[in-house]
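Shown next, in structure tokens, is the structure this report addresses.
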Amino acid sequence: MKVLLLGATGYIGSVLAERLAEHGHEVVALVRPKARDAAVPGEVRHGDIHEPETLRAAVTPDIDVVVHAANPVGDEAVDVAAIEALAGGGARLVYTSGVWVLGTTTEAAGEDAPPNPITLSGYRPRVEGLVRDAGGVVVRPGIVYGRGGGIPGLLASPEGEDGRYVHAGGPAPTWPAVHVDDLADLLVLAIEKAEPGSLFHGVAEEAVSVADVAAAAGRTGKAVPWPIGEASEVLGRPFAEGLALSQVVSGDLARKVLGWQPSRPGIVDDVRSGSYASRV
Numbered sequence: 031m032k033v034l035l036l037g038a039t040g041y042i043g044s045v046l047a048e049r050l051a052e053h054g055h056e057v058v059a060l061v062r063p064k065a066r067d068a069a070v071p072g073e074v075r076h077g078d079i080h081e082p083e084t085l086r087a088a089v090t091p092d093i094d095v096v097v098h099a100a101n102p103v104g105d106e107a108v109d110v111a112a113i114e115a116l117a118g119g120g121a122r123l124v125y126t127s128g129v130w131v132l133g134t135t136t137e138a139a140g141e142d143a144p145p146n147p148i149t150l151s152g153y154r155p156r157v158e159g160l161v162r163d164a165g166g167v168v169v170r171p172g173i174v175y176g177r178g179g180g181i182p183g184l185l186a187s188p189e190g191e192d193g194r195y196v197h198a199g200g201p202a203p204t205w206p207a208v209h210v211d212d213l214a215d216l217l218v219l220a221i222e223k224a225e226p227g228s229l230f231h232g233v234a235e236e237a238v239s240v241a242d243v244a245a246a247a248g249r250t251g252k253a254v255p256w257p258i259g260e261a262s263e264v265l266g267r268p269f270a271e272g273l274a275l276s277q278v279v280s281g282d283l284a285r286k287v288l289g290w291q292p293s294r295p296g297i298v299d300d301v302r303s304g305s306y307a308s309r310v
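Per our numbering: the sequence shown ends with 310, consecutive numbering throughout.
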């Protein structure tokens, strides 16, 4: 299939581009007009999320699937207009959302759990609904890690003071987690096999204590809370609230329906002795 990929140069999108090429799909990277050409296999087209007409023009009849793996811009009208433009071109749309739309959960939340989004994800349920109503597929990743990138790198305390590593808020929350390569596998399966209107959680580990992750990163094995007020000054309040969010989320449906088999190291092992080990 020919896949138009938004976010092809980003953390998730760049890995997905690799995996799509490995599976024999033709990747077309959609980048902003003034951005450097994407370092991904295949064709590059130009478009801007703030200009829906450019997105609509990029979804030509030869495109089979559009994958939106770019970050939302934080403006509901802009993000909704972008989805409407992408979904209106005749290609199937696969959208990467996130489990923060569920809010705090204390039991393993499945895809039927009602949304209760935190501030940062406030209008994402509406976007998800638009995608599914148009026959598209939504994938909600957990906390994405791996290849030394993503959120785990934010656990380092300022200047590595005393070898301590921190987590936002307190007591330590639990995070649903997924390795970026396992997530790429799931997105390929969603492209190839998912039924129109489907929703899947991209979660390999339902609930990992952030204290365990932080302790795995710390040279002295210490994990200390980062007061939400201080974290907000550095990261912004909405993102700090996300890091402090405690969740338990199930990824079983993707395993049962799509045959997804996440196989990469868990987040604690990867932080302790895997792709993050040289950074701590």
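Ideal Cβ positions, reconstructed from N, Cα and C, are used throughout, including at glycine.
(message) Less than 8 Å between the beta carbons of ALA214 and ARG86, yes or no?
(response) One-based indexing of the sequence shown puts residue 214 at position 184. One-based indexing of the sequence shown puts residue 86 at position 56. No, Cβ-Cβ distance for ALA214 and ARG86 is not below 8 Å.
(message) Can you find the residues in the same chain that come closer than 6 Å, C-beta to C-beta, to ASP192, ignoring five residues on each side of it along the sequence?
(response) Locating residue 192 in the sequence shown gives position 162, where the first residue counts as 1. Confidence in ASP192 is poor, its pLDDT being 49 and thus under 50, which makes the residue's placement unreliable; the coordinate value appears in the next sentence. By the criterion of a C-beta distance shorter than 6 Å, ASP192 is surrounded by no residue of its chain, once the five residues flanking it on both sides are discounted.
(message) Taking its Cβ as the centre, do 16 or more other Cβ atoms sit within 10 Å of SER228, making it buried, or is it exposed?
(response) As a working note, residue 228 is residue 198 in the sequence shown. Classification for SER228: buried.
(request) List in chain order: all unbroken alpha helix (DSSP H) runs of 4+ residues lying wholly within the segment 146–227. (result) Here the runs fully enclosed are 154–163 and 210–223.
(message) Suppose you measure from the CA of ILE221 to the CA of PHE230; what does that come to, to the nearest Å?
(response) Within the sequence shown, numbered from 1, the residue matching residue 221 stands at position 191. Within the sequence shown, numbered from 1, the residue matching residue 230 stands at position 200. If I take the Cα positions, the gap works out to 12 Å.
(message) Assuming ALA247 and VAL301 are in contact, meaning their beta carbons sit under 8 Å apart, how far apart are those beta carbons, in whole angstroms?
(response) For the purposes of this step, residue 247 is taken as the residue at position 217 of the sequence shown. For the purposes of this step, residue 301 is taken as the residue at position 271 of the sequence shown. The C-beta distance from ALA247 to VAL301 rounds to 5 Å, short enough to meet the 8 Å contact threshold.
(message) Am I right that GLY232 and VAL210 are in contact with their C-beta atoms under 8 Å? What's the rounded C-beta distance?
(response) Position 202 of the sequence shown, counted from the start, is the residue given in the question as residue 232. Position 180 of the sequence shown, counted from the start, is the residue given in the question as residue 210. Between VAL210 and GLY232 the Cβ distance is about 10 Å, and since that is not below 8 Å, they are no contact.
(message) Can you list, in chain order, the residues of its chain with a C-beta nearer than 8 Å to that of ALA121? Leave out the 5 residues immediately preceding and following it.
(response) For the purposes of this step, residue 121 is taken as residue 91 along the sequence shown, with counting starting at 1. Answer for ALA121: LEU34, VAL89, ILE93, ASP94, VAL95 and VAL96, listed in chain order.
(message) Starting from GLU271, trace the alpha helix (DSSP H) in both directions and tell me its first and last residue.
(response) By one-based count along the sequence shown, residue 271 stands at place 241. First-last of the alpha helix (DSSP H) with GLU271: 267–274.
(request) If I'm right that GLY304 touches PRO295 with Cβ under 8 Å, what's the distance once you round it to whole angstroms? (result) The residue given as residue 304 occupies position 274 in the sequence shown. The residue given as residue 295 occupies position 265 in the sequence shown. In this structure, GLY304 and PRO295 form a Cβ contact; the two beta carbons are roughly 5 Å apart against a cut-off of 8 Å.
(message) What does the Cβ neighbour count give for ASP212, buried or exposed, with the cut at 16 atoms within 10 Å?
(response) Along the sequence shown, read from residue 1 onward, the residue named residue 212 stands at position 182. The residue in question, ASP212, is buried, as its Cβ has 16 or more Cβ neighbours within 10 Å.
(request) Assign SER44 to one of three DSSP states: helix, strand, or coil. (result) Residue mapping note: residue 44 aligns to position 14 of the sequence shown, counting from 1. In the structure shown, SER44 sits in a helix (DSSP, three-state: H, G or I).
(message) In whole angstroms, give me the CA-to-CA distance for GLY176 and ALA284.
(response) In the sequence shown, counting from the first residue as 1, residue 176 sits at position 146. In the sequence shown, counting from the first residue as 1, residue 284 sits at position 254. GLY176 and ALA284: Cα-Cα distance of roughly 20 Å.
(request) Could you tell me whether the segment 262–272 touches the segment 143–150, using the rule of 3 or more Cβ pairs below 8 Å? (result) Contact check between the segment 262–272 and the segment 143–150: three or more CB pairs, one atom from each, fall below 8 Å, which counts as touching.
(request) Just confirm the distance between the C-beta atoms of ALA224 and VAL167, as a whole number of angstroms; I'd bet it's less than 8 Å. (result) Translated into the one-based positions of the sequence shown, residue 224 becomes position 194. Translated into the one-based positions of the sequence shown, residue 167 becomes position 137. For a cut-off of 8 Å, the C-beta gap from ALA224 to VAL167 is around 4 Å, short enough to register as a contact.
(message) Checking 8 Å against the spacing of the C-beta atoms, do GLU235 and PRO206 come in under that value?
(response) Along the sequence shown, read from residue 1 onward, the residue named residue 235 stands at position 205. Along the sequence shown, read from residue 1 onward, the residue named residue 206 stands at position 176. At a Cβ-Cβ threshold of 8 Å, GLU235 and PRO206 count as neighbours.
(request) Evaluate THR134 with the Cβ neighbour count: other Cβ atoms within 10 Å of its Cβ, from every protein chain shown; 16 or more gives buried, anything less gives exposed. (result) Locating residue 134 in the sequence shown gives position 104, counting from the first residue. Per the 10 Å Cβ criterion, exposed.
(request) Use the C-beta contact count for SER44: other C-beta atoms within 10 angstroms, 16 or more gives buried, fewer gives exposed. (result) The residue labelled residue 44 in the question sits at position 14 within the sequence shown. By the neighbour-count criterion, in which 16 or more other beta carbons inside 10 Å mark a residue as buried, SER44 falls on the buried side.
(message) Based on DSSP bridge pairs, tell me the residues matched to VAL58.
(response) Numbered from 1 along the sequence shown, position 28 holds the residue referred to as residue 58. Paired residues: LEU34 and GLU73.
(request) Determine the direct distance from the alpha carbon of ASP299 to that of VAL243, and round the result to whole angstroms. (result) Locating residue 243 in the sequence shown gives position 213, counting from the first residue. Locating residue 299 in the sequence shown gives position 269, counting from the first residue. Using only the alpha carbons, I get a separation of about 9 Å.
(request) Could you tell me the distance, in whole angstroms, from the CA atom of LEU36 to the CA atom of HIS98? (result) One-based indexing of the sequence shown puts residue 36 at position 6. One-based indexing of the sequence shown puts residue 98 at position 68. The C-alpha of LEU36 lies about 5 Å from the C-alpha of HIS98.
(message) Out of VAL157, LYS64 and ALA143, which one is the CA nearest neighbour of GLU106?
(response) Position 76 of the sequence shown holds residue 106. Its Cα nearest to that of GLU106, the residue VAL157 stands out among VAL157, LYS64 and ALA143.
(message) With H, G and I counted as helix, E and B as strand and the rest as coil, what does DSSP make of GLY232?
(response) Counted from its first residue, the sequence shown places residue 232 at position 202. Secondary structure of GLY232 (DSSP, three-state): strand.
(message) Considering only DSSP beta bridges, list what ALA139 is partnered with.
(response) Here residue 139 refers to the residue found at position 109 of the sequence shown. ALA139 is bridged to VAL279.
(message) Can you find the residues in the same chain that come closer than 6 Å, C-beta to C-beta, to THR126, ignoring five residues on each side of it along the sequence?
(response) Within the sequence shown, residue 126 is the residue found at index 96, counting from 1. If we look at THR126 and ignore the five residues flanking it on each side, its Cβ neighbours are ALA99 and VAL169.
(request) Quick one: using the 10 Å Cβ neighbour count with 16 as the cut-off for buried, is VAL124 buried or exposed? (result) Counted from its first residue, the sequence shown places residue 124 at position 94. Per the 10 Å Cβ criterion, buried.
(message) So, for GLU42: in the same chain, excluding its five sequence neighbours on each side, which residues have a beta-carbon less than 7 Å away from its beta-carbon?
(response) Along the sequence shown, read from residue 1 onward, the residue named residue 42 stands at position 12. For the record, residue 42 in the displayed sequence is Ile; it is not Glu. The residues are ALA99, THR126, VAL174, VAL210 and LEU213.
(request) Go ahead and pull the three-state DSSP assignment for PRO82. (result) Stepping through the sequence shown from its first residue, residue 82 is reached at position 52. Here PRO82 sits in helix by DSSP.
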